[in-house]
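Undergrad: Just so we're aligned: the sequence shown equals residues 0 to 81 in numbering that gives the first Met the number 0.
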Amino acid sequence: MPSGNGYSYKGHGTNSQGNHYCARDYGNGSNAYHYSNSNGSYYYSNPNGSTYYNSGSGSSTYTSPSGNSYSSSGSGSSGNSK
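(1) In the DSSP output, which residue or residues are listed as bridge partners for residue 58?
(2) Measure the CB-CB distance between residue 49 and residue 64 and report whether it falls below 8 angstroms.
(3) Extract the residue ranges of the beta strand (DSSP E) inside the stretch 3 to 71, only unbroken runs of 3 or more that lie entirely within it.
(4) Residues in its own chain within less than 7 angstroms of residue 87 by CB, not counting five upstream and five downstream?
(5) Do residue 33 and residue 25 have their C-beta atoms within less than 8 angstroms of each other?
Okay, structure coming up:
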């Protein structure tokens with residue numbers, strides 16, 4: 000059941016390589032999680048269906064709930080529709 004902040008933790012932890020994860024339950028069928036890796040990269044899966052990945056070395060990709068992807072390499076960005 001969600002707490003006063005709108006979510007409850009489903010699980011979290013850190014593995015032996017130093018990679019961290021956290022999963023949340025928003026109580027309305029929506030879940031979210033993120034990973035933070037020891038190499039500096041991270042990934043978010045949001046309750047609205049969007050995702051975000053950052054490589055930790057300058058490039059990133061955001062995917063909207065409708066499936067449109069937007070990438071950045073640190074020197075500009077481009078969008079791609081599904």
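The C-beta atom is built at its ideal place from N, Cα and C for all residues, glycine as well.
TA: Quick look at the numbers:
(1) Beta-bridge pairing links residue 58 to no other residue.
(2) yes
(3) 7 to 13, 19 to 24, 30 to 35, 41 to 44, 50 to 53, 59 to 62, 68 to 71
(4) In the structure displayed, the chain extends from 0 to 81; residue 87 sits before or after that span and is not available.
(5) no
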